[in-house]
Each structure stands twice: as C-alpha cells, then as structure tokens.
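J.: When we follow this note's numbering, the leftmost residue of the sequence shown carries the number 47, and every step to the right adds one.
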Amino acid sequence: MKEAVLSTKAPQPIGPYSQGMISNGHLFISGQLPLNVETNRLAEGIENQARQSLDNIKSILEAKELGMDAVVKTTIFMTDLADFQLVNSIYADYFTAPFPARSTIQVAKLPMDALIEIELIAETKK
C-alpha cells in the first residue's frame, strides 16, 4: 500500500506528481526545486538554492515526523559541477555521519532554470 505525503510548508508540485510517496517502509521524496513556499520563486544563487531545496526536503520529512537522519539516499542534480564543493559544504550542514548514500549528476537544464534539484529516499520505520 502506498500513501502520498504533502507538506504545506514546502512548495506544491509544479506537475502531475506528489511531493513524496510512502511505500514499504520508505519515503520517496520527489526532486525538490529551490522554490520559496511563500513566493513560489527560485532562491538566488547556488548557495541559497541548495539551502532552499534542503529546507523544502526537511519540511516534507517533518510532515511525517521524520528528521534528516532518516535519509538513506540522495540524488543531487546540478547544472554546473563547478559548484560541487560549495554544495558539499552546505549539504554537510544538513546531514551528519553516517551520511546517506549519494549521487551527484550534472544536467543540461532543470525546470524553471533552477541550478539544483534534490531527491531522496528515507526510512519511515526503524
């Protein structure tokens, strides 16, 4: 059985998908763009965009009473891997060891001309 997850503290989906889905003890969070929930506008610059995407993820996790420590896998999509080290330093502000498994992929373009998008998988049962 699956269950959709929706947080009013994170931006609403910009297409036909859910913010997240729970299935078999895992929460799958759709790629989060760096949209401010109040303005529905992108944050400025890669540093602010990375933080906004992670804040949006945190809000979705909190909707199911989960923390960042529940995350087991992240995938980061970036338009410029020259920003990789900066994103790493911001990422380290949100996660502690043992860090989740992670993939980082450079892409040609992201929706709304965002610089970063982050998706993840978290455990809902321990």
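Beta carbons: idealized from backbone N, C-alpha and C, even for Gly.
Given the structure is predicted, the values throughout are model-derived calculations rather than measurements.
#1: For Val133 and Lys48, I'd like the C-alpha separation in whole angstroms.
#2: Find the nearest neighbour of Ala56 within the set His72, Asp139, Glu84, Phe123, judged by alpha-carbon distance.
#3: Grouping DSSP H, G and I as helix and E and B as strand, with all else coil, what is Lys104?
#4: Considering only residues of the same chain and omitting the five flanking positions on each side of Glu93, which have a CB-CB separation below 8 angstroms?
#5: What residue range does the beta strand (DSSP E) around Ile151 cover?
#6: What whole-angstrom Cβ distance do Gln152 and Leu112 have, given they're in contact under 8 angstroms?
#7: Whole angstroms are fine: how far does the CA of Gln95 sit from the CA of Asp101?
#8: Among Lys171, Thr121, Lys104, which one has its Cα closest to the Cα of Asp139?
#9: Tell me which residue opens and which closes the beta strand (DSSP E) that Ala50 is part of.
T.: Straight from the coordinates:
#1: 32 angstroms
#2: Glu84
#3: helix
#4: Leu132, Ile136
#5: 147-152
#6: Contact flag wrong, Cβ pair sits at about 29 angstroms.
#7: 10 angstroms
#8: Lys104
#9: 48-51
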